[in-house]
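First the structure, in the form of structure tokens, and then the observations on it.
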Amino acid sequence: MPRPDSAALLIVDLQYDFLPGGALAVPQGDAIVAPIAALLRDGPFGTRVATQDWHPPHHASFASGHAGHRPFDVVTLHGRDQVLWPDHCVAGSRGAELTAGVPWERVHAIVRKGTDPAVDSYSGFRNNLDARGQRPPTGLAGYLRERGVGTVTICGLARDYCVRWTAEDAAALGFTAVVLWDLTRPVAPESDAAVRAALAAAGVRVIDSAELG
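Under my numbering, the residues of the sequence shown are numbered -15 to 197, in order.
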């Protein structure tokens, strides 16, 4: 394990709308809440950050704004495939809140993403492609570098979207990236093999939380 002062825990989108009963519920998403809470409280991390989906109403990724389409249809947005989602994590709504039962007072920063009404944002580090073909940064990479972080350990929801993109970006930006597989859950469990392969190809280490030591 890296020294605690160079290690960051990054908790991705642990919000009500991604838990059972939420607008975009991830199957068994609630199963990871208690172990993530324990890791945030007792884990060997000098820096602790959470991300939070924070969409304006009528966000471009919402199926409700695309006539003739339903949630989980795929359209083209800014030249790239875009999954259309149920309205979720609307700024200020209960569904957008970080879930209770987690000691959020222990995080050093909360990074809100998906705030641009025209651009989706899976990764905690960079938005998805915009109309200019760019992926604007959220500022998270600079924040972590200023705190001397070299290793980013990632958990949360959902494994096949926001966790995957966050981990891939972390590695691409020069961090040592680790995903705690048992502390993530996917929207589509059948994607697991492809997600593991993509993470390995990106240079991301995949472990279970018991291996943290």
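Built from N, CA and C at the ideal position, the CB exists for glycine as well.
- Excluding the five sequence neighbours on either side, which residues of its own chain have a C-beta within less than 6 Å of the C-beta of H42, listed in chain order? Against the sequence shown, residue 42 aligns to sequence position 58. These residues qualify, in order along the chain: G49.
- Query: Between which two residues does the beta strand (DSSP E) carrying W165 extend?
  - Reply: Within the sequence shown, residue 165 is the residue found at index 181, counting from 1. Element bounds for W165: T160 to R169.
- Query: So what does T60 bridge to, in DSSP terms?
  - Reply: Taking the sequence shown and counting its residues from 1, the one referred to as residue 60 is at position 76. Bridge partners of T60: D65.
- Between which two residues does the alpha helix (DSSP H) carrying R129 extend? In the sequence shown, counting from the first residue as 1, residue 129 sits at position 145. Here the alpha helix (DSSP H) through R129 covers L124 to E130.
- Query: Which same chain residues, not among the five before or five after G6, have their C-beta less than 6 Å away from its C-beta?
  - Reply: Position 22 of the sequence shown, counted from the first residue, corresponds to residue 6. Contacts found: Y0 and G79.
- Query: Candidates T31, G13, A21 and D14: which alpha carbon is nearest G132's?
  - Reply: Reading the sequence shown from its first residue, position 148 is the one you call residue 132. Considering only alpha carbons, the answer is T31.
- Task: Pull up the CB-CB distance for S(-10) and T135, whole angstroms please, since I reckon it's below 8 Å.
- Result: For the purposes of this step, residue -10 is identified with residue 6 of the sequence shown, where counting begins at 1. For the purposes of this step, residue 135 is identified with residue 151 of the sequence shown, where counting begins at 1. The Cβ separation is near 6 Å, so the contact holds.
- Query: What residues are listed by DSSP as bridge partners for P120?
  - Reply: As a position in the sequence shown, residue 120 is number 136, starting the count at 1. DSSP output for P120 lists no bridge partner at all.
- Please report the Cβ distance between L(-2) and T137, rounded to the nearest whole angstrom; I am assuming they are in contact, meaning their Cβ atoms lie under 8 Å. Within the sequence shown, the letter at position 14 stands for residue -2. Within the sequence shown, the letter at position 153 stands for residue 137. In fact, because the Cβ distance is near 15 Å, the residues do not count as touching under 8 Å.
- Query: According to the neighbour-count rule (16 or more other Cβ atoms, all chains shown, within 10 Å of its Cβ), is P4 buried or exposed?
  - Reply: The residue you call residue 4 lines up with position 20 of the sequence shown. It counts as exposed.
- Message: Going by beta-carbon coordinates alone, are A115 and A102 separated by less than 8 Å?
- Response: Taking the sequence shown and counting its residues from 1, the one referred to as residue 115 is at position 131. Taking the sequence shown and counting its residues from 1, the one referred to as residue 102 is at position 118. In this structure, A102 lies closer than 8 Å to A115 by Cβ.
- How about H39 and A47: do their beta carbons lie closer than 8 Å? On the sequence shown, position 55 is the one that residue 39 refers to. On the sequence shown, position 63 is the one that residue 47 refers to. No, these two residues do not count as a Cβ contact at 8 Å.
- Rounded separation between L128 and A(-8) - CA only: Here residue 128 refers to the residue found at position 144 of the sequence shown. Here residue -8 refers to the residue found at position 8 of the sequence shown. When rounded, the distance between both Cα atoms is 8 Å.
- Message: Assuming contact is defined by CB atoms lying nearer than 8 Å, are L24 and V86 in contact in what I supplied?
- Response: On the sequence shown, position 40 is the one that residue 24 refers to. On the sequence shown, position 102 is the one that residue 86 refers to. It is a contact, given that the beta carbons lie within the stated cut-off.
- Close Cβ partners of D144 (< 7 Å) along its chain, the five nearest in sequence each way excluded: Position 160 of the sequence shown, counted from the start, is the residue given in the question as residue 144. Result list for D144: P170, V171, A172, S175 and V179, in chain order.
- Item | Spatial distance of R110 from T160 (CA atoms) | In the sequence shown, residue 110 corresponds to position 126, counting from 1. In the sequence shown, residue 160 corresponds to position 176, counting from 1. Whole-angstrom Cα-Cα distance: 17 Å.
- Item | I94 - partner residues in DSSP beta bridges | Taking the sequence shown and counting its residues from 1, the one referred to as residue 94 is at position 110. The partner list for I94 (beta bridge, DSSP) reads A34.
- Item | In DSSP terms, what H39 is bridged to | As a position in the sequence shown, residue 39 is number 55, starting the count at 1. V74, per the DSSP bridge assignment.
- Give the range of the alpha helix (DSSP H) segment to which L183 is assigned. Numbered from 1 along the sequence shown, position 199 holds the residue referred to as residue 183. Residues D176 to A185.
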